[in-house]
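Right, one structure below, let's go through it.
Residue numbers (my numbering): 10 to 347.
Have a look at this one:
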């Protein structure tokens, strides 16, 4: 039987959820990295793993308290609360900072990923030949993904379902950004812009008792796409947590080696110096989201050819990011020891 969480533990869980939500907001950054560095990754995976047939039986039979305890509901609930708070607070601040100080935001996140790699690897002492090979495979996979060219849009419902499974990986697999993966699969605009806009318009019309959308074939297509994507995301969240839970139990050191390698390989995604490439329609015009912002399709990375004041400040923020992660890790270790 687990000891009840103290009030400070609950506050920290909300703050950790807030951190996960903020990380997921930035294309190329994974909320799973936050879970890993903050020390609750395994509990997060094992809690998601509890969403299974037994949990479903408890829920449909009305045994809500047993269901809540079985899935570690307090832990998941506080994390989700933190993510929701992040969506309406930190995420909005990030939107502003990325718009006006993009290079410095990317630099800070780059530093945080570098600090995360050091923090995770410093206590890992199982560097066998097998684990080193797995580490190298993780690095290669991360680098390969970060430099892939985006595919063309595909609204096949089965492919959309697979996109849902893959995109949710940013929550469970550190180093893999769900939004960046959707860009590579070519369906970022379809799934996170067009379909979401269609759902928003549909809700608005239903509230006004307007059901004309039922005769709109394009609207129905987008709603089917969104439903398939949502189902795939739920399926992916459950299945990936079961797979990772199994790997952590049976091959913990090898799994950690692979995760460290993958995070290291994904550094190219958060490289601070890059040029945005925007989505275009068939006529060569820019595509915009519901808020009037140009829709991103990829990045073109480069190395600064001179050290000007802006580059110097960006390097400074890289070190700020590294120190921030190390300070949080040190504080977490000190809290555990007490």
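We treat Cβ as the ideally placed atom computed from N, Cα and C, and that holds for glycine.
No experiment lies behind these values; they were computed from the predicted model shown.
Evaluate contact between the stretch 261-279 and the stretch 78-88, counting only Cβ atoms and requiring at least three cross-stretch pairs below 8 Å.
-> With a cut-off of 8 Å, the stretch 78-88 and the stretch 261-279 do not count as touching, because too few Cβ pairs lie within range.
In chain order, which alpha helix (DSSP H) runs of at least 4 residues are fully inside the stretch 19-79?
-> Within the stretch 19-79, the complete alpha helix (DSSP H) runs of at least 4 residues are 40-46, 50-58, 62-69, 73-79.
For residue 176, the nearest candidate out of 288, 226, 90, 189 (CA to CA) = Ranking 288, 226, 90, 189 by Cα distance to residue 176 puts 189 first.
Skipping 5 residues on each side, what residues in its chain have a beta carbon closer than 7 Å to that of residue 263?
-> Short of 7 Å from the beta carbon of residue 263, and not among the five residues preceding or following it, lie these beta carbons of its own chain, in chain order: 139, 140, 143.
Spatial distance of residue 206 from residue 286 (CA atoms) | If you draw a straight line from the Cα of residue 206 to the Cα of residue 286, it is about 22 Å long.
Could you give the uninterrupted runs of the alpha helix (DSSP H) lying entirely in the stretch 162-230, keeping only those of 4 residues or more?
-> If we require 4 residues or more, the alpha helix (DSSP H) runs fully inside the stretch 162-230 come out as 166-176, 178-181, 187-194, 204-216.
Please classify residue 135: does DSSP put it in a helix, a strand, or coil?
-> If DSSP states are grouped into helix, strand and coil, residue 135 belongs with coil.
Output the distance between the C-alpha atoms of residue 236 and residue 312, rounded to the nearest integer angstrom.
-> A direct Cα-Cα distance of roughly 41 Å separates residue 236 from residue 312.
Element boundaries [beta strand (DSSP E), containing residue 286] | Its beta strand (DSSP E) spans residues 283-287.
Three-state secondary structure (DSSP) at residue 118?
-> Here DSSP, grouped into helix, strand and coil, assigns residue 118 to helix.
Which partner residues does residue 297 have in the DSSP bridge list?
-> Residue pairing for residue 297: DSSP places it in a beta bridge opposite 303.
What does DSSP give as the partner residues of residue 258 in its beta bridges?
-> Bridge partners of residue 258 according to DSSP: none are assigned.
Per the contact definition of three or more C-beta pairs closer than 8 Å, is the stretch 234-254 in contact with the stretch 163-175?
-> With three or more CB-CB distances shorter than 8 Å, the stretch 163-175 counts as touching the stretch 234-254.
Distance between residue 99 and residue 92 (C-alpha atoms, nearest Å) | Using only the alpha carbons, I get a separation of about 10 Å.
Leaving out the 5 sequence neighbours to the left and right, which residues in its chain are closer than 7 Å to residue 309 when beta-carbon positions are compared?
-> If you ignore the 5 residues before and after residue 309, its C-beta comes within less than 7 Å of the C-beta of 283, 284, 286, all in its own chain and listed in chain order.
Quick one: what's got a C-beta closer than 6 Å to residue 339's C-beta in the same chain, skipping five residues either side?
-> Nothing meets the Cβ criterion.
Of the residues 226, 87, 112, the one placed nearest residue 318, counting alpha carbons only | Across the set 226, 87, 112, the C-alpha of 112 shows the shortest separation from the C-alpha of residue 318.
Give every residue of the same chain whose Cβ lies closer than 7 Å to the Cβ of residue 254, excluding the five residues on either side of it in the sequence, and list them in chain order.
-> Beyond the five residues adjoining it in sequence on each side, residue 254 comes within less than 7 Å, by CB distance, of 54, 55, 58 in the same chain, given in chain order.
Identify which residue in 182, 29, 168 has its Cα closest to the Cα of residue 147.
-> Out of 182, 29, 168, 182 has the C-alpha closest to the C-alpha of residue 147.
Identify every run of the beta strand (DSSP E) within the stretch 305-342, keeping only runs that are complete inside it and at least 3 residues long; order them along the chain.
-> With a minimum length of 3 residues, the continuous beta strand (DSSP E) runs that stay inside the stretch 305-342 are 305-310.
Check residue 10 in the structure and name its three-state DSSP category.
-> The predicted position of residue 10 is uncertain, since its pLDDT is 47 and thus under 50; no value can be drawn from it.
Whole-angstrom C-beta distance between residue 290 and residue 234, which should lie under 8 Å = In fact, because the Cβ distance is near 18 Å, the residues do not count as touching under 8 Å.
Rounded straight-line distance, which links the Cα of residue 329 to that of residue 10 | Reliability fails at residue 10, whose pLDDT of 47 lies under 50, so the model's placement of it is uncertain and no value is given.
Should residue 153 be labelled buried (16 or more other beta-carbon atoms within 10 Å of its own) or exposed?
-> By the 10 Å Cβ count, residue 153 comes out exposed.
Is residue 123 buried or exposed, if buried means 16 or more other CB atoms sit within 10 Å of its CB?
-> Around the Cβ of residue 123, a 10 Å sphere holds 16 or more other Cβ atoms; the residue is buried.
Where residue 110 sits in the DSSP three-state scheme | In the structure shown, residue 110 sits in coil (DSSP, three-state: anything other than H, G, I, E or B).
Skipping 5 residues on each side, what residues in its chain have a beta carbon closer than 7 Å to that of residue 51?
-> Taken in chain order, the residues that qualify are 257.
Can you tell me the Cα-Cα spacing of residue 42 and residue 230, whole angstroms?
-> Roughly 35 Å separates the two Cα atoms.
Assign residue 200 to buried or exposed, taking buried as 16 or more other Cβ atoms, counted over all protein chains shown, within 10 Å of its Cβ.
-> By the neighbour-count rule (16 or more Cβ atoms within 10 Å), residue 200 is buried.
Take residue 47 and list the residues in its own chain whose beta-carbon comes closer than 8 Å to its own, dropping the five residues that flank it on each side.
-> Within the same chain, residue 47 has close Cβ partners 25, 28, 337, 341.
Between residue 217 and the ligand ZN, is the CB less than 7 Å from at least one heavy atom?
-> As for the ligand ZN, it is missing from this structure, which has no ligand bound.
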